[in-house]
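Heads up, the final residue of the sequence shown is numbered 84 in numbering that gives the first Met the number 0, and it's a clean run with no missing numbers.
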Amino acid sequence: MESPQSVLEKGEIIDSVTQYNKVIFKKSGYVDDNFCQHGGYCYPAHISIKRRQIKSIQLLNCKIGKLVEVTKEDEYQREEMYSIE
């Protein structure tokens, strides 16, 4: 997400995923989410193809944990950060 040159190839495994971030757009209900790696980049958890959200990352040996904090909330959106267990 930070760098267009940082692209994961199909089947590629990344280590040290440390957090899951989610932005919920209140009016539409659309969710924009990503996984971040310690010392690395953040990658989209879902991508849109023909107006459908498709899972783009599969977690192995871990899962999304508890809500750590709400980083921003206003009348339009809510931004949440979760731990990875």
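Glycine is no exception: its CB is placed at the ideal position from the N, C-alpha and C atoms.
Reduced DSSP secondary structure (H/G/I, E/B, other) of residue i
i, result
"C61", "coil"
"D31", "strand"
"V6", "coil"
"K26", "coil"
"I56", "coil"
Residue from the options whose Cα sits closest to the Cα of residue i
i, options, result
"L58", "Y42, E72 and E78", "Y42"
"S82", "K62, E72 and Y40", "K62"
"H37", "I13, T17, Q76 and L66", "T17"
"N33", "N20, G64 and E74", "N20"
"G64", "D31, K26, I13 and M80", "M80"
"R51", "C35, D31 and E74", "D31"
Inter-residue Cα distance where the pair is residue i and residue j
i, j, result
"E11", "F24", "30 Å"
"A44", "K9", "14 Å"
"S47", "Y29", "11 Å"
"V6", "L66", "27 Å"
"N60", "I13", "12 Å"
Proximity of residue i and residue j at Cβ, strictly below 8 Å
i, j, result
"V22", "E68", "no"
"G39", "S15", "yes"
Residues bridged to residue i (per DSSP)
i, result
"R51", "I48"
"V16", "Q36"
"Y81", "Y19 and L66"
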